[in-house]
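Trainee: Protein chains in written order, with our numbering: chain A, 3 to 376; chain B, 0 to 97; chain C, 366 to 829. Let me begin by handing over the structure; questions about it come next.
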């Protein structure tokens, strides 16, 4: 079997893996990125494309801070990728609105925003609650059923598919080696020495990053890492291309892409490994969409897809280095677009440096250990 | 680009193609009517704005997207003409009524 | 749930019509959905109108077309329900059929489904093929059948396949003459082993030779072995340029009619997750079916050209065979009755399939016509993606297949949902990776396979 070595081996060519791989290559490492084939679950291909801060980490300020840090780095990150590859990720950073269709939703939203503000301490999370009139000034096409929404300036969006393409291209430009069709056969582990058999080859490296989404669960266990992720299905629809209709404002859960299609999201379903779309969710998404923006009634849906989010029990990312096998890291989250900048420009450096910082301790897998009652 | 054979029967239906009156053969599709009326392009693309015209005439290629009676992006090759039908070129992206 | 049909058939071409007729004969409650306003599919398009109002055109279109009239008459008399101008945009796991018909969205639940969506023209991507004034031969034939319209001005037929000769002679009989027929080189050597059986089949060779004779008599320039075609013009097609016998030639045109054979119209079956496999002989994907037309999805059958190209007469027979299977599954006839009734149909079907190996081999599209050499050729018409971009992503970034390609460059994301670019994208990736298209796979197709508005989805009556 052909053998090769490199400085760092990343398993998983989705948004998380390629961002980290790019970051490592950017730092001068010789990196290999192993990926599955053309047909795979690939949460990265089903993404809504938000660079979102305002809903993150209620009760977990570390997560709010990490998301906000990433969103702030995104402007420079998008420019860096564009300069390196010529690919425009379509990053927009103009703030975002979470729409509320009832007084109860609005009140709950206000509570959540206030809690984030209080918990934010020095980083000062600022938000604005807009009533219907205020929202109408921002987005004239909003329907009468919209009670209001929360606005923060931290939010934005990007094209997740172009982001992935740009990450791959930038990675390769930095000398990275991308290998598809490489389902992992085995991993032989020793501290700072990992041999991975995949795709008919063996690759050895002192650094190993597991970024294989749902596959992390199985891959992580022999390395002493506990990654109890489960699939949570999300369905999204997209319409035909139409002329600008949302005044360039990004909302949960409807936004207009640069090409003109309107994305309508997003369900959260416990469906196991089933990524088929369902008519009941189709109807629910469509009904809410029409209620929010009545003009959508006559706009045609051209595609409807489902993808499986990679969800930890508490919905937070999991970042950890194997205690038994130093040099092996796991990274998983369900916000691969938002965190792409932080993954590429921060997390990758931590991996290269061999240690995760205190600010990421909250995301350790030890939080899943069963507590012994005393 | 196309013309009706003289022995094709005479019944026609009055339609408007980009505002111009045209007597379309009864039973023909809006796309066929546009071609018979002498249109070469029936839309411009939403991607780059280049002109396009029907290609397959059987509902598969979606090149025949036109605005029919005010509704944009209709597959004109699947819509039989009706009296007074307004058949218009689709210019780029569909307009919405906010 | 009660009240829904025993058999929902999508497609009113020969397979669908024959299946409906047979199903009704055996007491099944069958419904046929079709996008067109009249039954007949593509091959028998407009046959009722032609027979009623343009009878003289039956002779123009020829006896093979006229034969469809009988099929349509029997369907009309069969008692099967017919829903014209109906676009089926989704069939879900519970065999609910979602369709739009004349502005209304409806759902019916069927006990069994038969997909008979037929075939479409294989895309023939050449530089300039997206210009106004470039259409398929099938499109011209459709205009003749459905409207009695013929090309005005100077037109050229280009490509390969039996339809090229057929449409040329039909147009001759209608009184118009192509300025030239530009035929790409058939595969003589590959077809040779199948030649004896082809010659032995009465009618086919005779028909072909008769058509060639008619064209020769009319003085239509027939250039064989044409390569490297390109269509020129800025706002519309003005010229077609090609290489023939070592020289580049140009021909002024008002209209170019392209043809390169037909391939299954597969999006509905794919959206149902019926497994498909690469058909090397016909250079396209076809569903995995058993001898009765059962797909890999329980309760879903496929008949006619959408199961693999077999031709109109064979499609009819495959429709009838599938209907027998459906009738048996519904408990209307026993296994032995089913088998007994199917036997003569299978014999006739086999007879109609004798010529296929020769035709498939002779007209198998060449590499340069399925994977355009000129990188500037538009591959995805909807999103305006060119061959060069696709090639670069494979060779430069290791893009393994059409789904990754789709997500990276948007090919297949436009309104046609990959119908016109899918095969080309697959062939380009296969060529760059130096593997078979079988290994490359195809787009993941999901509903809606035809557009439906957000408002219509919001109002779906799912709780019945």
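Here a beta-carbon is modelled for each residue, glycine too, at the ideal position from N, C-alpha and C.
1) Just reading off the alpha helix (DSSP H) that residue 139 of chain A is part of, what are its end residues?
2) Once DSSP output is grouped into helix, strand and coil, what is the label at residue 609 of chain C?
3) According to the Cβ coordinates, are residue 287 of chain A and residue 233 of chain A closer than 7 Å?
4) If you run the structure through DSSP and keep just helix, strand and coil, what is residue 644 of chain C?
5) So, under 8 Å CB-CB, residue 373 of chain C and residue 472 of chain C are touching, yes? Tell me the CB distance rounded to an integer number of Å.
6) Just the Cα atoms here: how many angstroms apart are residue 585 of chain C and residue 619 of chain C?
7) Verify the CB distance criterion: does residue 766 of chain C have a CB-CB separation below 7 Å to chain A?
8) Considering Cα atoms alone, identify which of C:484, C:513, C:524, C:481 is closest to residue 499 of chain C.
9) Assuming contact is defined by CB atoms lying nearer than 7 Å, are residue 652 of chain C and residue 667 of chain C in contact in what I supplied?
10) Cβ closer than 7 Å: which chain A residues qualify as neighbours of residue 95 of chain B?
11) Pull up the DSSP beta-bridge partners for residue 334 of chain A, would you.
12) Please list, in chain order, the chain C residues whose beta carbon lies closer than 9 Å to that of residue 24 of chain B.
13) Between which residues of its own chain and residue 15 of chain A is the CB-CB distance below 6 Å, once the five residues before and five after are set aside?
14) Is there a C-beta anywhere in chain A that falls below 7 Å from the one on residue 45 of chain B?
15) Buried or exposed for residue 264 of chain A, please, with buried defined as at least 16 other CB atoms from any protein chain shown within 10 angstroms of its CB.
16) For residue 770 of chain C, which residues from the same chain have a beta carbon less than 7 Å from its beta carbon, with the 5 sequence-adjacent residues on both sides left out?
17) Counting pairs of Cβ atoms below 8 Å between the stretch 287–305 of chain A and the stretch 242–257 of chain A, do you hit three or more?
18) What does DSSP give as the partner residues of residue 314 of chain C in its beta bridges?
19) Would you grab the beta carbon distance between residue 160 of chain A and residue 93 of chain A for me? Rounded to a whole angstrom, and I think it's under 8 Å.
20) Run through DSSP, which three-state label would residue 47 of chain A get?
21) Let's test the definition: count the other Cβ atoms within 10 Å of the Cβ of residue 630 of chain C and tell me whether it reaches 16, buried, or not, exposed.
22) If you count every other CB in all the chains shown that lies within 10 Å of the CB of residue 167 of chain A, and 16 or more means buried, which is it?
23) Select from the stretch 251–280 of chain A all residues with a C-beta closer than 7 Å to any C-beta belonging to chain B, and list them in chain order.
24) Would you verify that the beta carbon of residue 593 of chain C is, or is not, closer than 7 Å to some beta carbon of chain A?
25) Just to confirm the assignment: which complete alpha helix (DSSP H) runs, minimum length 4, are found wholly within the stretch 417–451 of chain C?
26) Applying a beta-carbon distance threshold of less than 7 Å, which residues of chain B neighbour residue 383 of chain C?
27) Could you name the residues of chain A that residue 788 of chain C contacts, counting a contact when the two beta carbons are closer than 8 Å?
28) Any C-beta of chain B sitting closer than 7 Å to the C-beta of residue 649 of chain C?
29) Please classify residue 12 of chain B: does DSSP put it in a helix, a strand, or coil?
30) Check each residue of the stretch 68–82 of chain B: if its Cβ is closer than 9 Å to any Cβ of chain A, include it; give the result in chain order.
31) By the three-class DSSP mapping on this structure, what secondary structure does residue 469 of chain C have?
32) Does the beta-carbon distance from residue 65 of chain A to residue 191 of chain A come in below 7 Å?
33) Considering only C-alpha positions, which residue in the set C:745, C:544, C:707 is nearest to residue 583 of chain C?
34) Using the beta-carbon of each residue, which ones in chain C are nearer than 7 Å to residue 174 of chain A?
35) If I follow the unbroken alpha helix (DSSP H) through residue 93 of chain B, where does it start and stop?
36) Let me know the beta strand (DSSP E) ranges lying completely inside the stretch 52–77 of chain B, each 3 residues or longer, listed in chain order.
Mentor: Taking the structure as given:
1) Position 137 of the first chain, counted from the first residue, corresponds to residue 139 of chain A. Under the DSSP assignment, residue 139 of chain A falls in the alpha helix (DSSP H) whose first and last residues are 134–140.
2) As a first step, residue 609 of chain C is located in the third chain; it is residue number 244 there, counting from the start. Of the three classes helix, strand and coil, the one that applies to residue 609 of chain C here is strand, per DSSP.
3) Taking the first residue of the first chain as position 1, residue 287 of chain A is located at position 285. Taking the first residue of the first chain as position 1, residue 233 of chain A is located at position 231. In this structure, residue 287 of chain A keeps its C-beta atom at 7 Å or more from the C-beta atom of residue 233 of chain A.
4) Numbered from 1 along the third chain, position 279 holds the residue referred to as residue 644 of chain C. Here residue 644 of chain C sits in strand by DSSP.
5) Mapped onto the third chain, residue 373 of chain C falls at position 8. Mapped onto the third chain, residue 472 of chain C falls at position 107. With 8 Å as the limit, residue 373 of chain C and residue 472 of chain C do not qualify as a contact, their Cβ atoms being about 11 Å apart.
6) Counting from 1 along the third chain, the entry for residue 585 of chain C is found at position 220. Counting from 1 along the third chain, the entry for residue 619 of chain C is found at position 254. Distance between the alpha carbons of residue 585 of chain C and residue 619 of chain C: 17 Å.
7) In the third chain, counting from the first residue as 1, residue 766 of chain C sits at position 401. It does; some Cβ of chain A falls within 7 Å.
8) Looking up residue 499 of chain C in the third chain gives position 134. Considering only C:484, C:513, C:524, C:481, the residue with the shortest C-alpha distance to residue 499 of chain C is C:524.
9) Walking along the third chain from the start, residue 652 of chain C turns up at place 287. Walking along the third chain from the start, residue 667 of chain C turns up at place 302. Yes; because the gap between Cβ atoms is below 7 Å, this pair is in contact.
10) Taking the second chain and counting its residues from 1, the one referred to as residue 95 of chain B is at position 96. Within 7 Å Cβ-Cβ: 244, 245, 247, 297, 301.
11) Here residue 334 of chain A is taken as the residue at index 332 of the first chain, counted from 1. Partner(s): A:320.
12) Residue mapping note: residue 24 of chain B aligns to position 25 of the second chain, counting from 1. Result: 512, 513, 514.
13) Position 13 of the first chain, counted from the start, is the residue given in the question as residue 15 of chain A. The residues are 35, 37.
14) Taking the first residue of the second chain as 1, we reach residue 45 of chain B at position 46. It does: the Cβ of residue 45 of chain B has a partner Cβ on chain A nearer than 7 Å.
15) Taking the first chain and counting its residues from 1, one reaches residue 264 of chain A at position 262. Looking at its Cβ environment, which holds 16 or more other Cβ atoms inside 10 Å, residue 264 of chain A is buried.
16) Position 405 of the third chain, counting from 1, holds the residue named residue 770 of chain C. Answer for residue 770 of chain C: 755, 758, 764, 776, 790, 794, listed in chain order.
17) In short, these stretches touch, since the Cβ pair count reaches three.
18) Since the displayed chain C opens at 366 and closes at 829, residue 314 of chain C lies outside it and no answer follows.
19) For the purposes of this step, residue 160 of chain A is identified with residue 158 of the first chain, where counting begins at 1. For the purposes of this step, residue 93 of chain A is identified with residue 91 of the first chain, where counting begins at 1. Residue 160 of chain A to residue 93 of chain A, Cβ: 4 Å. Contact.
20) The residue you call residue 47 of chain A lines up with position 45 of the first chain. Looking at residue 47 of chain A - three-state DSSP - the assignment turns out to be helix.
21) Counting from one through the third chain, the residue named residue 630 of chain C turns up at place 265. With 16 or more Cβ atoms within 10 Å of its Cβ, residue 630 of chain C is classed as buried.
22) The residue given as residue 167 of chain A occupies position 165 in the first chain. It is buried - the Cβ of residue 167 of chain A has at least 16 other Cβ atoms within 10 Å.
23) Of all residues in the stretch 251–280 of chain A, the ones placed with a Cβ closer than 7 Å to any Cβ belonging to chain B are 262, in chain order.
24) Along the third chain, one-based indexing puts residue 593 of chain C at 228. It does not: the Cβ of residue 593 of chain C has no partner Cβ on chain A nearer than 7 Å.
25) The qualifying runs are 421–426, 428–431, 433–443.
26) If you number the third chain from 1, residue 383 of chain C lands on position 18. What residue 383 of chain C touches in chain B: nothing, since even the nearest Cβ is about 20 Å away.
27) Along the third chain, read from residue 1 onward, the residue named residue 788 of chain C stands at position 423. Near residue 788 of chain C there are no residues of chain A at all, since even the closest Cβ is about 16 Å away, more than 8 Å.
28) By 1-based counting over the third chain, the position of residue 649 of chain C is 284. By the rule that beta-carbons nearer than 7 Å mark a contact, residue 649 of chain C does not touch chain B.
29) Taking the second chain and counting its residues from 1, one reaches residue 12 of chain B at position 13. Note: residue 12 of chain B maps to strand in three-state DSSP.
30) Residues of the stretch 68–82 of chain B that bring their beta carbon within less than 9 Å of a beta carbon in chain A comprise 70, 71, 72, in sequence order.
31) Position 104 of the third chain holds residue 469 of chain C. In this structure, residue 469 of chain C counts as strand in the three-state DSSP scheme.
32) Position 63 of the first chain, counting from 1, holds the residue named residue 65 of chain A. Position 189 of the first chain, counting from 1, holds the residue named residue 191 of chain A. Their beta carbons are not under 7 Å apart, which means residue 65 of chain A does not touch residue 191 of chain A by this criterion.
33) In the third chain, counting from the first residue as 1, residue 583 of chain C sits at position 218. Of the listed residues, the one whose Cα sits closest to residue 583 of chain C is C:544.
34) Taking the first residue of the first chain as position 1, residue 174 of chain A is located at position 172. Correct list: 762.
35) Within the second chain, residue 93 of chain B is the residue found at index 94, counting from 1. From DSSP, residue 93 of chain B is part of no alpha helix (DSSP H); its letter is neither H nor E.
36) The stretch 52–77 of chain B contains these whole beta strand (DSSP E) runs: 64–67, 70–74.
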